[in-house]
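Undergrad: Starting off with a structure, shown below.
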Amino acid sequence: MSKLDEVKGEIVQEMPCMYGKFFNKKAGFISQEWWPDFCNYRRSKFPRPDDDSIEGAILCTLQSTGSLTTRELRAACGFTENRRTKQEQSEACFNSALQEGGRPKVKGMRSKFDGYLTRLEMATYIVTEDFIYPRDKHNHEYGWGWSLLNTPEDLYGREACQCNRTPLESYQRIFEHLKEILSDASDKQIIKLIG
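Using the numbering used here, you'd call the opening residue of the sequence shown number 802 and step up by one each time.
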């Protein structure tokens, strides 16, 4: 485990911030102070997915179970065996959110599933709560940590995601803040970062 991995988990656990793929599909931190503005702007741009879509079913699964590692969430949504059509994948994921027993399986879908998670993170519906590390036979942590995913509402409450500004006001506020702290960045780069 690298020093960076250790620090990410500590920051997520000890500081008031959110971690996820928020910046042009790249991971980063957003303070709780700025989180409501990001939610306000991003969710206006990316409304909550329909429950019968794959992203909606993933979100419903996470909301109904609470914290899950990426691996657990992928398995809970049946993304492990047999190729299926997009409609079948959606149905499998949605049905697995409702089932207790056997889970439908979808093979070769890991990268697609990760893409769905990235879209949900970019839209501020999912965040990384912590990192869980596999352990060897001597009980030592090793490798890259698995993201422990959750919804920001479950972690910090619904009010932590609400803002009394319009989405455009939130966007402008974020833009001005980033312009101030990233003085060498062009407007185009900042706009790309905000999404």
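Here a beta-carbon is modelled for each residue, glycine too, at the ideal position from N, C-alpha and C.
(1) I want to know whether the segment 959-977 touches the segment 849-869 - three or more CB-CB distances under 8 Å.
(2) What are the start and end residues of each continuous beta strand (DSSP E) run of 3 or more residues lying completely inside the segment 905-938, in chain order?
(3) Excluding five sequence neighbours on each side, which residues of the same chain lie with their C-beta closer than 7 Å to the C-beta of N841?
(4) Taking its Cβ as the centre, do 16 or more other Cβ atoms sit within 10 Å of N940, making it buried, or is it exposed?
(5) Among residues of its own chain, excluding the 5 on either side of S987, which ones have a beta-carbon nearer than 7 Å to its beta-carbon?
(6) Quick one: what's T870 bridged to in DSSP?
(7) If we count Cβ pairs, one from each stretch, closer than 8 Å, do we get three or more for the segment 931-938 versus the segment 842-851?
(8) Nearest to I927 by alpha carbon, out of W945, D838, P953?
(9) Helix, strand or coil for C818? Go by DSSP, reduced to three states.
(10) Starting from F880, follow its DSSP beta bridges and name the residues at the other end.
(11) Leaving out the 5 sequence neighbours to the left and right, which residues in its chain are closer than 7 Å to I982 when beta-carbon positions are compared?
(12) Count the other CB atoms within 10 Å of the CB of N825; is the residue buried (16 or more) or exposed (fewer)?
(13) Considering only their Cβ atoms, is the gap separating A961 from P837 smaller than 8 Å?
(14) Measure from the alpha carbon of R911 to the alpha carbon of each residue in G821, P817, L949, T871, then state which is nearest.
(15) Looking only at C-alpha atoms, which of D937, F839, I855 sits nearest to F880?
(16) Name the DSSP beta bridge partners of F830, please?
TA: Inspection of the coordinates gives the following:
(1) no
(2) 928-933
(3) C964, R966, P968, S971
(4) exposed
(5) none
(6) L949
(7) no
(8) P953
(9) strand
(10) F880 is not bridged to any residue.
(11) none
(12) exposed
(13) yes
(14) T871
(15) I855
(16) Y820
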